[in-house]
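Asks: My structure is below; once you've seen it, I'll send some questions.
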Amino acid sequence: MRDIRNIVILTGAGVSAESGVATFRGPDGLWEGHRVEDVATPEAFVRDPALVQSFYDARRAKLGTVGPNGAHRALARLDSEWPGELLIVTQNVDDLHERAGARRVLHMHGELKSAWCLACDGRIPWEQTLADGPTCSACGERGLLRPDIVWFGEIPYRMDEIDAALQRADLFVSIGTSGAVYPAAGFVQTARYLGARTLEMNLEPSQGSVFFDESRIGRAGELVPAWVDEMLGGTKVR
Ligand code: OAD
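This is the structure we're talking about:
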């Protein structure tokens, strides 16, 4: 891989689908039986905090019943063996990249296993439920912890770091994302404009498919390990 040193990988719900984590845009347009605007907006949280907390409590509890799949493991292997810069920017709020062993992971939409205290503005690691209004371990306030998830209308995390990585990227790879939600959906155009090669791996062409130099259509659990073998074996990306 003489001409590729720095890689940015964007992952979405499709990378966790084979682990049994539901994607967002199912055929019925619902996310686990709910409209996105009923559970993933600040307005929904104001309107019905119990519903929103219970929804994310259930998602957090589900993490204990699922594990990383071949795509997560392959990306973790690439992370540990790739000699150049590498950043896995995930839109996913699960911890499956980390549980597979990946280290260079950035959660731009937050994490289920983190709680945000609206009293002290602290973020604390969180494994339990939030619907019962627990106490913040940082400031002692009760009932003001919310899921540390970036909802629609909120600004994704660490955009400066993502921008900097995109500036340096020789290769941008998008895996398992529909390309429906900005700013993540726009990363391919930024990377391409700045001169990176672009590759997507998804079950179907994403909404931004036209911006990729190459689209590989199929399951992440099969495509990603094969691609990582190519990268570590030195095969040139077409
Ligand atoms: P989506 O549910 O919109 O898209 C998932 C994509 O993965 C679809 O294009 C599927 O075809 C594809 N897919 C499904 N199974 C796959 C598999 N086994 N292998 C490969 N691809 C597969 O999820 P995201 O694009 O991640 O934001 O959604 C982006 C954001 O919208 C989420 O982070 C969330 C959501 O609302 C917030 O909550 C802020």
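Residue numbers (UniProt numbering): 1 to 238.
Glycine included, C-beta positions come from ideal geometry on N, C-alpha and C.
All values reported here derive from a predicted model rather than from experimental measurement.
1. Among the residues of its own chain, which have a CB less than 7 Å from the CB of R219, if the five just before and after it don't count?
2. Identify whether S174 lies in helix, strand or coil by the three-state DSSP scheme.
3. Cutting at 7 Å between CB atoms, please list the residues of its own chain near V188, excluding the five before and the five after it.
4. Cutting at 8 Å between CB atoms, please list the residues of its own chain near V224, excluding the five before and the five after it.
5. Buried or exposed: which applies to Y182, given that a residue is buried once 16 or more other Cβ atoms fall within 10 Å of its Cβ?
6. Does the beta-carbon distance from E85 to C117 come in below 8 Å?
7. With C-beta atoms as the reference, is V93 less than 8 Å away from L10?
8. Is any heavy atom in the ligand OAD found nearer than 7 Å to the beta carbon of L63?
9. DSSP on W227, reduced to helix/strand/coil?
10. Restricting to Cα atoms, I'd like to know which of P68, K62, M231 is closest to K113.
11. Is I162 helix, strand or coil by DSSP?
12. If we count the other Cβ atoms within 10 Å of its Cβ and call it buried at 16 or more, is R104 buried or exposed?
13. Would you check whether the ligand OAD has a heavy atom nearer than 7 Å to the C-beta of G12?
14. Decide if I217 is buried, meaning its Cβ has at least 16 other Cβ atoms within 10 Å, or exposed.
15. Should Q167 be counted as a contact of the ligand OAD given a C-beta to heavy atom distance under 7 Å?
16. Would you tell me roughly how many angstroms separate the C-alpha atoms of D170 and S54, rounded to the nearest one?
17. Taking the alpha-carbon positions, what's the T65 to E161 distance?
18. For E111 versus D57, is the C-beta distance shorter than 8 Å?
19. Tell me, which residues are paired with T198 by DSSP?
20. P183 lies in the beta strand (DSSP E); which residues open and close that run?
Replies: Working from what's here:
1. Locating residue 219 in the sequence shown gives position 219, counting from the first residue. Once the five neighbours on either side are set aside, the close Cβ partners of R219 are E18, L203.
2. Position 174 of the sequence shown, counted from the start, is the residue given in the question as residue 174. Looking at S174 - three-state DSSP - the assignment turns out to be strand.
3. Numbered from 1 along the sequence shown, position 188 holds the residue referred to as residue 188. Answer for V188: F172, S174, T198, G208, F211, F212, listed in chain order.
4. Taking the sequence shown and counting its residues from 1, the one referred to as residue 224 is at position 224. Within the same chain, V224 has close Cβ partners V15, G70, A71, A74, L75, I175, M201.
5. Within the sequence shown, residue 182 is the residue found at index 182, counting from 1. It counts as exposed.
6. Working through the sequence shown from its first residue, we reach residue 85 at position 85. Working through the sequence shown from its first residue, we reach residue 117 at position 117. No. Outside cutoff.
7. The sequence position of residue 93 within the sequence shown is 93, counting from 1. The sequence position of residue 10 within the sequence shown is 10, counting from 1. Against a cut-off of 8 Å, the Cβ pair of L10 and V93 comes out as no contact.
8. Numbered from its first residue, the sequence shown carries residue 63 at position 63. No, the beta carbon of L63 sits no closer than 7 Å to any heavy atom of the ligand OAD.
9. Position 227 of the sequence shown, counting from 1, holds the residue named residue 227. W227: helix per DSSP, three-state reduction.
10. For the purposes of this step, residue 113 is identified with residue 113 of the sequence shown, where counting begins at 1. Nearest of P68, K62, M231 to K113, Cα basis: K62.
11. Taking the sequence shown and counting its residues from 1, the one referred to as residue 162 is at position 162. Correct three-state label for I162: helix.
12. Within the sequence shown, numbered from 1, the residue matching residue 104 stands at position 104. Under this definition R104 is a buried residue.
13. Indexing the sequence shown from 1 puts residue 12 at position 12. For the ligand OAD, at least one heavy atom lies less than 7 Å from the Cβ of G12.
14. On the sequence shown, residue 217 is found 217 positions in, with the first residue counted as 1. By the neighbour-count rule (16 or more Cβ atoms within 10 Å), I217 is not buried but exposed.
15. Stepping through the sequence shown from its first residue, residue 167 is reached at position 167. Flag unset: Cβ of Q167 not near the ligand OAD.
16. Position 170 of the sequence shown holds residue 170. Position 54 of the sequence shown holds residue 54. Each residue's Cα considered, the two are about 42 Å apart.
17. On the sequence shown, residue 65 is found 65 positions in, with the first residue counted as 1. On the sequence shown, residue 161 is found 161 positions in, with the first residue counted as 1. Rounded to the nearest angstrom, the two C-alpha atoms are 32 Å apart.
18. Within the sequence shown, residue 111 is the residue found at index 111, counting from 1. Within the sequence shown, residue 57 is the residue found at index 57, counting from 1. Cβ distance not < 8 Å, so E111 and D57 don't count as in contact.
19. As a first step, residue 198 is located in the sequence shown; it is residue number 198 there, counting from the start. DSSP lists F172 as partners of T198.
20. In the sequence shown, the residue the question calls residue 183 occupies position 183. Where P183 is concerned, there is no enclosing beta strand (DSSP E), given that its DSSP letter is neither H nor E.
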